[in-house]
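Colleague: Structure incoming, see below.
Protein chains in written order, with my numbering: chain A, 1 to 101; chain B, 102 to 725.
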């Protein structure tokens, strides 16, 4: 049984869906953050898989870019979460509803 | 000579500004002398330019001042021709005398400097109107004199009647201005310029008789407002609420002649439209008659003079209507002298009688006020048309020109003669009731002659009243030659023989003397005759024209305004505004529900929308 591109894409879709579910269901900001990372990496997986399949380098370049951006996002996101945790002693996003219209 | 002409406008304007800004600090009487001095200098500046025309060598000149709207031929430029020069002489000359008179008359008034500021503003506005070289600038002056008239009529605005009179004058004039404005629009649409030279040169070829008739009739609507003709004359009697010098300057001598001047200036257009000329002549004659009938019954000295002014303006309008522009302008000038004199004399009397204006409470002032008595006597004879005073010549010329037109115009001529009779009668009534007979003064009134600042203008005007007519007698038509360059393109040959002219003059003179004799016999008696009966009552009430306008125009207008204020504004206008506001608020509230503040809600929305997009793309088949 050979591992074809379909397997990779199915895995990526599964990982992405788990990420989406995590963001939607979990209330802890930290866990939601990890779910977002999961989604990003699912996308990276599709990039690399398709790049390998088609013999194009651009997909791998895009994956590298996503990693860099994700790293930057992690720094800022974690800083925000730490700041929120310090003032509220909680990372429950349901309590952060000041922006309600 | 013409280089300095801009000062004729600028000096009074500067006086107005100075007196408005620093009047309180300058104070009485320097504020008054300043106002007088500036107008007198304006007059002096204009003298050489006018004299130059007398020799017949000087030509009409356009002095360019500065650019305003060059594309429509509307720049600030002065058109200096005999017509504008004679108007300048009258306005600044009589104006200066009335400023001088006001120094004494307004003595002790709380807002003395303000009064002179307004008077100066009036002179400046009138000069803009008179010297304009195009209709656009003329309209600026036209509106500005309306403004200064309003300011001066309601000068004593704490008196409700004065405030109301000011508003009435302004609003009635606005109706006339509407006509003027529409005429200007048609002029611009037809000629593409406002410039007098260009318009009058192009008129015979550029427009049809129909267009010319429309333009001139609308111009005449403007003239009926400013020159107090039927149907818009009703503001002028009320305007007597203003201080008497104002009545003399604006509502007798100068501003009310603006309509006549405007028609004379537009003579080329009026010549193209004989129908308009006839309308103008008929309206003028009827105005002269109606106003003379009303004047007979008035007992307020200023009211008599006000209606007399309307009546005399009717003569001038008749003159320009029959194409006798020179006669119209001539009567304008002589009337400015004797009517200003009459008003100033009346002011002097009112001043002496402690603000009493009822002639029934005067009488016997002859000995107490000799200068006023003599000068007013001259004006009385002049306006009645006694040879050889100024009014005789100018009125006679108008009547002769009307007679010369012949045909249906003979009816106007007969009415004109009748008005001359009535004029002599009511002026005699005024003069006798005021100065002759036994005193009928209220207790505690001690008449006295007025101070010299008031009597000097009376005497100067008196000299002109007596002599001004001699500049244009049938034997020596100096004034007509003088004005000729302004009406070059208009040829009106008189067909009357010398004998006929003489016969007409004798007829006019005998009518004047008959009127005076009638008035003298009726009023120079021990007991004033009882003035009752239907005619007197109706004439005293000015034939109920004001009430009629009140019922037909003012009341419906008020009702419409009330409806607007109470129904239209709160329900429809506010309703629309509030409705839009409420709608936007409600829509916003609806949208606000989507912003729950829960990050998960937003993320869920994003996810659902993403899935939907994928479904759509798959269904449509494109995209991937």
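Cβ atoms here follow ideal geometry from the backbone N, Cα and C, with glycine treated the same way.
Given residue 271 of chain B, which residues of its chain have a CB within under 7 Å of its CB, disregarding the five upstream and five downstream residues?
Modeller: On the second chain, position 170 is the one that residue 271 of chain B refers to. Result list for residue 271 of chain B: 247 and 251, in chain order.
Colleague: Would you check if the region 333-353 of chain B and the region 403-419 of chain B touch, i.e. whether three or more CB-CB distances between them fall below 8 Å?
Modeller: yes
Colleague: By how many angstroms is the C-alpha of residue 695 of chain B removed from the C-alpha of residue 85 of chain A?
Modeller: In the first chain, the residue the question calls residue 85 of chain A occupies position 85. In the second chain, the residue the question calls residue 695 of chain B occupies position 594. Going by the C-alpha atoms only, they are around 27 Å apart.
Colleague: Kindly list, in the order they appear in chain B, the residues whose Cβ is closer than 7 Å to that of residue 20 of chain A.
Modeller: Mapped onto the first chain, residue 20 of chain A falls at position 20. Near residue 20 of chain A (Cβ distances below 7 Å), the residues of chain B are 708.
Colleague: Where does residue 473 of chain B land, buried or exposed, given buried means 16+ other C-beta within 10 angstroms?
Modeller: Within the second chain, the letter at position 372 stands for residue 473 of chain B. Per the 10 Å Cβ criterion, buried.
Colleague: Taking the C-alpha atoms as reference points, what is the distance between residue 371 of chain B and residue 173 of chain B?
Modeller: Taking the first residue of the second chain as position 1, residue 371 of chain B is located at position 270. Taking the first residue of the second chain as position 1, residue 173 of chain B is located at position 72. Using only the alpha carbons, I get a separation of about 22 Å.
Colleague: Let me know the secondary structure DSSP gives residue 129 of chain B once reduced to three states.
Modeller: Translated into positions along the second chain, residue 129 of chain B becomes position 28. DSSP places residue 129 of chain B in coil when its eight states are reduced to three.
Colleague: Using a Cβ-Cβ cut-off of 9 Å, state whether residue 30 of chain A counts as contacting chain B.
Modeller: Walking along the first chain from the start, residue 30 of chain A turns up at place 30. Chain B, which has no Cβ nearer than 9 Å to the Cβ of residue 30 of chain A, makes this no.
Colleague: Under the assumption that residue 45 of chain A contacts residue 12 of chain A (Cβ atoms under 8 Å), give the Cβ distance between them as a whole number of angstroms.
Modeller: Here residue 45 of chain A corresponds to residue number 45 of the first chain, with the count starting at 1. Here residue 12 of chain A corresponds to residue number 12 of the first chain, with the count starting at 1. Yes, residue 45 of chain A and residue 12 of chain A are in contact; Cβ-Cβ is about 4 Å, under 8 Å.
Colleague: Whole angstroms are fine: how far does the CA of residue 437 of chain B sit from the CA of residue 188 of chain B?
Modeller: Position 87 of the second chain holds residue 188 of chain B. Position 336 of the second chain holds residue 437 of chain B. Approximately 10 Å, taken between the alpha carbons.
Colleague: Name, in chain order, the residues that DSSP records as bridge partners for residue 4 of chain A.
Modeller: Counting from one through the first chain, the residue named residue 4 of chain A turns up at place 4. Bridge partners of residue 4 of chain A: none, in fact.
Colleague: Closest to residue 332 of chain B by CA distance: which of B:179, B:354, B:310 and B:387 is it?
Modeller: Indexing the second chain from 1 puts residue 332 of chain B at position 231. The candidate whose alpha carbon is nearest that of residue 332 of chain B is B:387.
Colleague: Between the region 360-369 of chain B and the region 321-330 of chain B, do three or more beta carbon pairs fall short of 8 Å?
Modeller: yes
Colleague: At least one CB of chain B closer than 9 Å to the CB of residue 98 of chain A: is that the case?
Modeller: The residue labelled residue 98 of chain A in the question sits at position 98 within the first chain. Taking a beta-carbon distance threshold of 9 Å, residue 98 of chain A counts as an interface residue toward chain B.
Colleague: From the DSSP secondary-structure annotation, give me the bridge partner or partners of residue 162 of chain B.
Modeller: Here residue 162 of chain B corresponds to residue number 61 of the second chain, with the count starting at 1. Answer is B:181.
Colleague: Does DSSP put residue 168 of chain B in a helix, in a strand, or in coil?
Modeller: On the second chain, residue 168 of chain B is found 67 positions in, with the first residue counted as 1. Assigned with DSSP and collapsed to three states, residue 168 of chain B falls in strand.
Colleague: Strictly below 8 Å CB to CB, what residues from chain A border residue 264 of chain B?
Modeller: Residue 264 of chain B sits at position 163 when you count from the first residue of the second chain. The contacting residues do not exist; residue 264 of chain B stays about 55 Å from chain A at best.
Colleague: Any idea if residue 352 of chain B is buried or exposed, counting beta-carbon neighbours within 10 angstroms, 16 or more meaning buried?
Modeller: The count along the second chain starts at 1 and reaches residue 352 of chain B at position 251. Residue 352 of chain B should be labelled buried.
Colleague: Answer with buried or exposed for residue 260 of chain B, where buried requires no fewer than 16 other C-beta atoms within 10 angstroms of its C-beta.
Modeller: Residue mapping note: residue 260 of chain B aligns to position 159 of the second chain, counting from 1. Counting Cβ neighbours within 10 Å, residue 260 of chain B comes out exposed, since fewer than 16 surround it.
Colleague: Mind listing the chain B neighbours of residue 93 of chain A? Cutoff is C-beta to C-beta under 8 Å, in chain order.
Modeller: Counting from 1 along the first chain, the entry for residue 93 of chain A is found at position 93. Result: 699, 700 and 701.
Colleague: Which residue wins for smallest C-alpha separation from residue 67 of chain A, given the options A:80, A:41 and A:56?
Modeller: Within the first chain, numbered from 1, the residue matching residue 67 of chain A stands at position 67. Cα-wise, what sits closest to residue 67 of chain A is A:41.
Colleague: Taking C-alpha atoms, which residue in B:109, B:655 and B:630 lies nearest to residue 533 of chain B?
Modeller: Translated into the one-based positions of the second chain, residue 533 of chain B becomes position 432. For residue 533 of chain B, the closest of B:109, B:655 and B:630 by C-alpha to C-alpha distance is B:630.
Colleague: Would you tell me roughly how many angstroms separate the C-alpha atoms of residue 207 of chain B and residue 516 of chain B, rounded to the nearest one?
Modeller: For the purposes of this step, residue 207 of chain B is taken as residue 106 along the second chain, with counting starting at 1. For the purposes of this step, residue 516 of chain B is taken as residue 415 along the second chain, with counting starting at 1. Roughly 40 Å separates the two Cα atoms.
Colleague: Please tell me whether residue 704 of chain B has its Cβ less than 9 Å away from any Cβ of chain A.
Modeller: Numbered from its first residue, the second chain carries residue 704 of chain B at position 603. The Cβ of residue 704 of chain B sits closer than 9 Å to at least one Cβ of chain A.
Colleague: Give the single residue among B:633, B:264, B:430 and B:263 whose Cα lies nearest to the Cα of residue 569 of chain B.
Modeller: Translated into the one-based positions of the second chain, residue 569 of chain B becomes position 468. Of the residues B:633, B:264, B:430 and B:263, the one whose Cα lies closest to the Cα of residue 569 of chain B is B:430.
Colleague: For residue 54 of chain B, which option in B:506, B:233, B:564 and B:464 has the closest C-alpha, if you only look at C-alpha atoms?
Modeller: Residue 54 of chain B lies beyond the residue range present for chain B, which begins at 102 and ends at 725; the question has no answer from this structure.
Colleague: For a contact meaning CB atoms closer than 9 Å, what does residue 24 of chain A contact in chain B?
Modeller: Position 24 of the first chain, counting from 1, holds the residue named residue 24 of chain A. Residues of chain B passing the Cβ test: 701, 704, 705 and 708.
Colleague: So, is the C-beta of residue 105 of chain A closer than 9 Å to a C-beta in chain B?
Modeller: Outside the shown range of chain A, which is 1 to 101, sits residue 105 of chain A, and nothing can be said about it.
Colleague: Taking only runs that begin and end inside the region 322-348 of chain B, name each unbroken alpha helix (DSSP H) of 4 or more residues, in chain order.
Modeller: Annotation: the region 322-348 of chain B contains the following complete segments of the alpha helix (DSSP H) (minimum length 4 residues), in chain order: 336-339.
Colleague: If you measure between the beta carbons of residue 341 of chain B and residue 350 of chain B, is that distance less than 9 Å?
Modeller: Counting from one through the second chain, the residue named residue 341 of chain B turns up at place 240. Counting from one through the second chain, the residue named residue 350 of chain B turns up at place 249. Cβ atoms of residue 341 of chain B and residue 350 of chain B: not closer than 9 Å.
Colleague: Residues in its own chain within less than 8 Å of residue 26 of chain A by CB, not counting five upstream and five downstream?
Modeller: Residue mapping note: residue 26 of chain A aligns to position 26 of the first chain, counting from 1. Closer than 8 Å at Cβ, skipping near neighbours: 32 and 35.
Colleague: How many angstroms separate the CA atom of residue 336 of chain B from the CA atom of residue 410 of chain B?
Modeller: Counted from its first residue, the second chain places residue 336 of chain B at position 235. Counted from its first residue, the second chain places residue 410 of chain B at position 309. Going by the C-alpha atoms only, they are around 12 Å apart.
Colleague: Just checking, does the region 570-579 of chain B make contact with the region 444-454 of chain B on the three C-beta pairs under 8 Å criterion?
Modeller: no
Colleague: Name, in chain order, the residues that DSSP records as bridge partners for residue 296 of chain B.
Modeller: Locating residue 296 of chain B in the second chain gives position 195, where the first residue counts as 1. Residue 296 of chain B is bridged to B:235.
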